[in-house]
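Structure record follows, encoded as structure tokens.
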Amino acid sequence: MAGHSKWANIQHRKGRQDAVRSKMFSKFSKEITVAAKMGDPDPEKNPRLRLAVKEAKSQSMPKDNIDRAIKKAIGGDAEHYDEIRYEGYGPNGVAIIVEAMTDNKNRTASNVRSIFSKNGGNLGETGSVGFMFDRKGEITYSAEVGDADTVMMAAIEAGAEDVESTEDGHTIYTDANDLNAVSTALEAALGESESTKLIWKPQTTTEMGLEDAQKLMRLIEALEDDDDVQTVTANFDISDEIMEQL
């Protein structure tokens, strides 16, 4: 998401890391189980599962947890999950996309609607904000893998669409359908990525003042804490000055 790395920094500064990590592992397990259940349980033959396992590993999820999630799908005792996308608005008209996996659509819809309304947001119809985002693949590398030119050349050869390089690292964007192929090619050229996943990339971003930024963070945090929610994306931008005050 726009502001995603800043959001990660806020979570870290507020000491939520352990709770966030536990939630994150639970969300990864669900995605791995669903991916394995929908396709081949071998990650090498199932692109969605391969990406899910790769992303889980990049966040230090233990191998035992990953294997257990795959076996759950193979064993046939995995719950049936529906994948649902919710769209709405946060403070200052920020567009928000919420992706969920649930075994009870009514419960999840009620929870998401309640979280939006309690935190100054407004849940809209499907499609109400989706047109403001593009579905893309996102691959991130640390700055240590090489300079901007090196990464740019590797990305072009791998078939990527765009690269953004800063002193913090490199972010490579791909067509959503090319993520698996591009990430595999980049792995051969640059080594293991820090993160590889499908994202909703905002076409434009909304600059946030301090008060609205605080409200938005509370809304996103509450959404991410819901057990049925997998990802939250918003098209906001926060200046470094305001970041320091959060």
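Residue 1206, in our numbering, is where the sequence shown stops; the numbers in between run on with no holes.
C-beta: ideal position from N, C-alpha, C; glycine also.
Fair warning: this is a prediction, and the values are worked out from it, not measured in the lab.
Exercise for review: Indicate whether A1136 and G1097 have their beta-carbon atoms separated by less than 8 Å.
Suggested key: Locating residue 1136 in the sequence shown gives position 176, where the first residue counts as 1. Locating residue 1097 in the sequence shown gives position 137, where the first residue counts as 1. Yes, these two residues count as a Cβ contact at 8 Å.
Review point. Is the beta carbon of V1105 less than 8 Å from the beta carbon of L1150?
Key: Position 145 of the sequence shown, counted from the start, is the residue given in the question as residue 1105. Position 190 of the sequence shown, counted from the start, is the residue given in the question as residue 1150. Result yes, Cβ atoms of V1105 and L1150 sit closer than 8 Å.
Point to revise | Inter-stretch contact at 8 Å, needing at least 3 Cβ pairs: the region 1137-1147 / the region 1167-1175 | key: no
Check your understanding: Between M1113 and the ligand GTP, is the CB less than 7 Å from at least one heavy atom?
Key -> Although the ligand GTP was asked about, the structure shown includes no ligands whatsoever.
**Study point:** For N1079, three-class secondary structure by DSSP
**Key:** If you number the sequence shown from 1, residue 1079 lands on position 119. Correct three-state label for N1079: coil.
Practice item. Just grab the DSSP bridge partners of R1095 for me. Key: Residue numbering aside, residue 1095 sits at position 135 when the sequence shown is read from its first letter. The partner list for R1095 (beta bridge, DSSP) reads W1160.
Practice item. Could you tell me which uninterrupted beta strand (DSSP E) segments, each at least 3 residues in length, are contained entirely in the region 1087-1134, listed from first to last along the chain? Key: 1093-1102 and 1122-1126
Point to revise | Beta carbon of T1100 nearer than 8 Å to that of H1130 | key: Stepping through the sequence shown from its first residue, residue 1100 is reached at position 140. Stepping through the sequence shown from its first residue, residue 1130 is reached at position 170. Yes, they are a contact pair.
Review point. Does DSSP put N1064 in a helix, a strand or coil?
Key: Along the sequence shown, read from residue 1 onward, the residue named residue 1064 stands at position 104. Here N1064 sits in coil by DSSP.
Practice item. Tell me whether the beta-carbon of A1029 lies closer than 8 Å to the beta-carbon of Y1046. Key: Within the sequence shown, residue 1029 is the residue found at index 69, counting from 1. Within the sequence shown, residue 1046 is the residue found at index 86, counting from 1. A1029 is not a Cβ neighbour of Y1046, given a cutoff of 8 Å.
Point to revise | alpha helix (DSSP H) segments (min. 4 residues) lying fully within the region 990-1059 | key: 1007-1018 and 1023-1034
Practice item. Could you tell me whether the Cβ atoms of I1044 and K1065 are closer together than 8 Å? Key: Along the sequence shown, read from residue 1 onward, the residue named residue 1044 stands at position 84. Along the sequence shown, read from residue 1 onward, the residue named residue 1065 stands at position 105. Yes, Cβ-Cβ distance for I1044 and K1065 is below 8 Å.
Check your understanding: Helix, strand or coil: how does DSSP classify T1191 here?
Key -> Residue numbering aside, residue 1191 sits at position 231 when the sequence shown is read from its first letter. Reduced to three states, the DSSP call for T1191 is strand.
Review point. Can you tell me whether DSSP reads T1166 as helix, strand or coil?
Key: To locate residue 1166, count along the sequence shown from 1; it is residue 206. Residue state, collapsed to three classes: strand.
Review point. In terms of DSSP beta bridges, what is S1155 paired with?
Key: Locating residue 1155 in the sequence shown gives position 195, counting from the first residue. Answer by DSSP bridge pairing, in chain order: T1100.
Review point. Three-state secondary structure (DSSP) at D1197?
Key: Numbered from its first residue, the sequence shown carries residue 1197 at position 237. When secondary structure is reduced to three states using DSSP, D1197 falls in the strand class.
**Study point:** Under the three-state DSSP convention, the category L1179 falls into
**Key:** The sequence position of residue 1179 within the sequence shown is 219, counting from 1. L1179 falls in the helix class under three-state DSSP.
Check your understanding: Going along the chain, which residues of its own chain have a beta-carbon closer than 6 Å to the beta-carbon of G1145, five neighbours each way excluded?
Key -> The residue given as residue 1145 occupies position 185 in the sequence shown. A small fix is needed here, since residue 1145 is Ala in this sequence, not Gly. Once the five neighbours on either side are set aside, the close Cβ partners of A1145 are A1118.
**Study point:** D1185 - DSSP class collapsed to helix/strand/coil
**Key:** For the purposes of this step, residue 1185 is identified with residue 225 of the sequence shown, where counting begins at 1. Residue state, collapsed to three classes: helix.
Exercise for review: Look up L1206 in the DSSP assignment and say whether it is helix, strand or coil.
Suggested key: Walking along the sequence shown from the start, residue 1206 turns up at place 246. Coil.
Exercise for review: State buried or exposed for Q1019, treating a residue as buried only when at least 16 other CB atoms are found within 10 Å of its CB.
Suggested key: For this step, residue 1019 is matched to residue 59 along the sequence shown. Exposed, by the Cβ-count rule.
Check your understanding: So is R1095 buried or exposed if we call it buried at 16+ other beta carbons inside 10 Å?
Key -> For the purposes of this step, residue 1095 is taken as the residue at position 135 of the sequence shown. R1095 comes out exposed.
Practice item. Going by CA-CA distance only, name the one from D1197, R981, A1114 and L1011 that's closest to G1053. Key: Numbered from 1 along the sequence shown, position 93 holds the residue referred to as residue 1053. Checking every option, the nearest Cα to that of G1053 belongs to D1197.
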